[in-house]
Amino acid sequence: MRIVLFVASFLMGLTPAIASQWKPMQFDPSKEGSADLIIPLPCGGSMAFNKVVTPASASNPLDDARFRLGHSSVESGFEDFQRNGFLRGPFADSDSQAPFYYIGRYEVTKNQLHAIKGECDAIKTNIAGTIPASNISWFDAIELTKLLSEWLRANAEGQLPKVEGIPSFVRLPTEAEWEFAVRGGAKVNKASFDARLFPMDGEVGEYAWYQGPASSKDKLRPIGKRKPNPLGLHDVYGNVEELILEPYHLNASGRAHGQVGGFMTKGGSIRSDATELRSGMRSEWPYYNVNAAEALRQDTFGVRFVMASHILVSSKATDDIRNSWAKLSETDGGALDDPLNTLNQMLDEENVGPRKAALDAVKAQVLQARQEIEDKQ
Numbered sequence: 005m006r007i008v009l010f011v012a013s014f015l016m017g018l019t020p021a022i023a024s025q026w027k028p029m030q031f032d033p034s035k036e037g038s039a040d041l042i043i044p045l046p047c048g049g050s051m052a053f054n055k056v057v058t059p060a061s062a063s064n065p066l067d068d069a070r071f072r073l074g075h076s077s078v079e080s081g082f083e084d085f086q087r088n089g090f091l092r093g094p095f096a097d098s099d100s101q102a103p104f105y106y107i108g109r110y111e112v113t114k115n116q117l118h119a120i121k122g123e124c125d126a127i128k129t130n131i132a133g134t135i136p137a138s139n140i141s142w143f144d145a146i147e148l149t150k151l152l153s154e155w156l157r158a159n160a161e162g163q164l165p166k167v168e169g170i171p172s173f174v175r176l177p178t179e180a181e182w183e184f185a186v187r188g189g190a191k192v193n194k195a196s197f198d199a200r201l202f203p204m205d206g207e208v209g210e211y212a213w214y215q216g217p218a219s220s221k222d223k224l225r226p227i228g229k230r231k232p233n234p235l236g237l238h239d240v241y242g243n244v245e246e247l248i249l250e251p252y253h254l255n256a257s258g259r260a261h262g263q264v265g266g267f268m269t270k271g272g273s274i275r276s277d278a279t280e281l282r283s284g285m286r287s288e289w290p291y292y293n294v295n296a297a298e299a300l301r302q303d304t305f306g307v308r309f310v311m312a313s314h315i316l317v318s319s320k321a322t323d324d325i326r327n328s329w330a331k332l333s334e335t336d337g338g339a340l341d342d343p344l345n346t347l348n349q350m351l352d353e354e355n356v357g358p359r360k361a362a363l364d365a366v367k368a369q370v371l372q373a374r375q376e377i378e379d380k381q
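Put into structure tokens, the structure is as follows:
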């Protein structure tokens with residue numbers, strides 16, 4: 005009898021947000037079909053993720069996808085000039101010939117934020133709960149990923165993607181993960197990938213919330229109301245600007261500068277002009293408010309999560325990587341010793357006139373030096 009009364013009182017104490025599962029419009033409202041992965045949240049909630057394939061050999065753990073981040077414009081070159089990026093997803097399945105990772109289909113909403121924090125009474129069943137969560141510091145974001153990862157491990161481990169049986173976890177995306185996915189990943193050709201914006205069937209206003217009376221009107225908007233990018237991701241331009249895992253670095257003429265800065269956001273926000281929006285857009289912010297003794301928060305800061313794994317998940321994984329490294333050092337030595345191979349690859353990828361001309365000049369010098377050596381033999 006005591007047990008029955010306890011169960012009855014427990015059920016009566018449940019809020020509607022806990023007792024019922026969320027409807028798709030609260031976490032996956034896209035008109036483009038369902039997400040590739042749905043994970044549960046506390047309070048009966050859910051979060052949607054899409055798969056991002058990284059073109060690399062699934063059987064060679066040291067193979068990764070090489071691509072270009074940033075843009076060719078020299079105006080903001082110190083901040084977002086083109087540079088090489090490398091990426092490999094941690095997951096593989098029977099349907100994929102290449103590794104992949106999962107990134108949030110949408111920005112994390114107010115309801116999802118409340119659920120992660122266990123604030124079930126604050127969850128709204130109307131559209132107001134689907135507005136992106138904001139006013140989040142970088143430290144808040146890290147704490148949110150910790151809370152959610154721990155809850156998932158304890159309550160829904162069987163629903164998580166795994167690597168050799170080890171469950172994945174939630175974290176902020178790296179800049180490479182974010183930008184590769186936003187540009188369209190392996191679903192678009194190189195010219196479209198390298199463009200300022202991902203391919204659009206219409207105007208940018210059909211895909212983004214930005215500054216102005218014709219768009220956001222300076223208000224954050226519910227997720228999924230604009231068209232998605234080629235990978236099915238919504239609101240990657242505008243709405244909230246999205247916090248990135250690693251700190252900000254300047255661009256030193258095509259490479260990351262050595263000085264470590266503040267934290268970074270990507271994608272722009274409702275305060276960004278439409279002409280500012282671009283896949284390579286990146287902004288630096290101080291970790292701490294310069295006018296107060298607290299971490300910096302802003303009403304345009306939001307988050308989008310990825311599902312991740314550590315690398316050396318088992319002795320087998322370590323052995324596979326060790327063996328791949330040994331083979332790489334044996335078979336790729338000739339390629340590494342031949343600078344022409346590297347120069348030709350760089351020339352194929354370079355589209356900035358002065359830099360391409362400089363590489364052509366270096367190539368000519370290498371060819372001349374090689375000819376002089378051959379003449380002496």
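If you count by this note's numbering, then the sequence shown holds residues 5 to 381, one letter each, in order. The beta-carbon is built from N, C-alpha and C at its ideal position, and this holds for glycine as well.
In chain order, what residues of the same chain lie with their CB nearer than 6 Å to the CB of residue i, ignoring the 5 residues before and after it?
i, result
"Lys-121", "none"
"Lys-367", "Leu-347"
"Ser-196", "Pro-203"
"Ala-96", "Ala-62 and Pro-103"
"Pro-33", "Gly-228"
Which residues does DSSP list as the beta-bridge partners of residue i?
i, result
"Met-268", "Glu-288"
"Val-174", "Met-311"
"Ile-42", "Ala-52"
"Gly-242", "Trp-213"
"Gly-89", "Phe-71"
"Tyr-106", "Lys-55 and Met-311"
"Gly-162", "Paired residues: none, contrary to the question."
"Phe-95", "Phe-104"
"Thr-113", "Pro-136"
"Ala-382", "What is shown of the chain runs 5 to 381, which leaves residue 382 out entirely."
For residue i, tell me which candidate among the options has the shortest Cα-Cα distance.
i, options, result
"Tyr-291", "Met-268, Gly-272, Lys-128 and Leu-91", "Met-268"
"Leu-151", "Met-285, Phe-309 and Lys-367", "Phe-309"
"Ala-158", "Pro-46, Leu-281 and Ala-361", "Pro-46"
"Arg-200", "Trp-289, Gly-48, Met-285 and Asn-345", "Met-285"
"Leu-281", "Ala-69, Gly-74 and Val-57", "Gly-74"
"Leu-66", "Phe-90, Gly-49 and Lys-114", "Phe-90"
"Gly-48", "Leu-117, Lys-331, Gly-271 and Ala-361", "Leu-117"
"Leu-249", "Asp-198, Val-307 and Asp-323", "Val-307"
"Asp-451", "Lys-194, Arg-230, Gly-81 and Ala-362", "What is shown of the chain runs 5 to 381, which leaves residue 451 out entirely."
"Ala-362", "Lys-128, Lys-114, Gly-271 and Ser-257", "Ser-257"
"Ser-283", "Asp-364, Tyr-211 and Ala-39", "Tyr-211"
"Asp-40", "Gly-81, Ser-80 and Ile-107", "Ile-107"
"Gly-81", "Gln-349, Arg-259, Asp-198 and Asn-327", "Arg-259"
Work out the CA separation of residue j and residue i for me, nearest whole Å.
i, j, result
"Ala-145", "Asn-54", "20 Å"
"Ala-185", "Asn-295", "35 Å"
"Phe-31", "Ala-132", "12 Å"
"Gly-242", "Gly-189", "19 Å"
"Pro-226", "Phe-104", "28 Å"
"Leu-371", "Asp-352", "17 Å"
"Asn-293", "Ser-220", "26 Å"
"Ser-76", "Glu-181", "20 Å"
"Trp-382", "Glu-298", "No information on residue 382 is available, as it lies outside the stretch 5 to 381 that the chain covers here."
"Ile-325", "Arg-92", "14 Å"
"Glu-161", "Pro-44", "10 Å"
"Ala-339", "Asn-345", "With a pLDDT of 47 at Ala-339, under the threshold of 50, the predicted position of this residue should be treated as unreliable, though the coordinate-derived value follows. Distance between the alpha carbons of Ala-339 and Asn-345: 7 Å."
"Lys-331", "Pro-28", "48 Å"
"Ser-13", "Gln-25", "Because the pLDDT at Ser-13 is just 37, under 50, the model does not fix this residue reliably, and the value given afterwards should be weighed accordingly. Cα to Cα, Ser-13 sits roughly 20 Å from Gln-25."
"Ala-119", "Ile-140", "15 Å"
"Gly-209", "Val-56", "25 Å"
"Val-174", "Arg-109", "14 Å"
"Ile-377", "Gly-271", "51 Å"
Please list, in chain order, all residues of the same chain as residue i whose beta carbon is under 7 Å from its beta carbon, the five residues on each side excluded.
i, result
"Ser-172", "Leu-164, Pro-165, Lys-166, Met-311, Ala-312 and Ser-313"
"Ser-273", "Gly-242, Asn-243, Val-244, Glu-245 and Thr-304"
"Ile-170", "Ser-313 and Val-317"
"Arg-275", "Gln-215 and Thr-304"
"Gly-337", "Residue placement at Gly-337 is flagged as unreliable, the pLDDT there being 48, under the threshold of 50; the coordinate-derived value follows with that caveat. Excluding residues within five positions, none has a Cβ falling inside 7 Å."
"Gln-101", "Ala-62"
"Asn-88", "Arg-70 and Arg-72"
"Lys-191", "Pro-234 and Leu-235"
What residues in its chain sit with their C-beta under 8 Å from that of residue i, if we drop five residues either side in the sequence?
i, result
"His-261", "His-253, Leu-254 and Asn-255"
"Asp-68", "Thr-58, Ala-60, Phe-90, Leu-91 and Arg-92"
"Pro-94", "Pro-103, Tyr-105, Val-167, Ser-172, Ala-312, Ser-313 and Ile-315"
"Gly-265", "Pro-251, Tyr-252, His-253, Leu-254 and Glu-288"
"Ser-153", "Phe-173, Val-174 and Arg-175"
Spell out whether any CB of chain D is found under 8 Å from the CB atom of residue i.
i, result
"Ala-362", "Looking at the structure shown, chain D is missing, and only one protein chain is on hand."
Kindly provide the ranges of any beta strand (DSSP E) runs that are 3 or more residues long and lie completely inside the segment 44-69, ordered along the chain.
-> 50-57
Of all the alpha helix (DSSP H) runs that stay within the bounds of the segment 179-215, which reach a length of 4 or more residues?
-> 179-187 and 194-198
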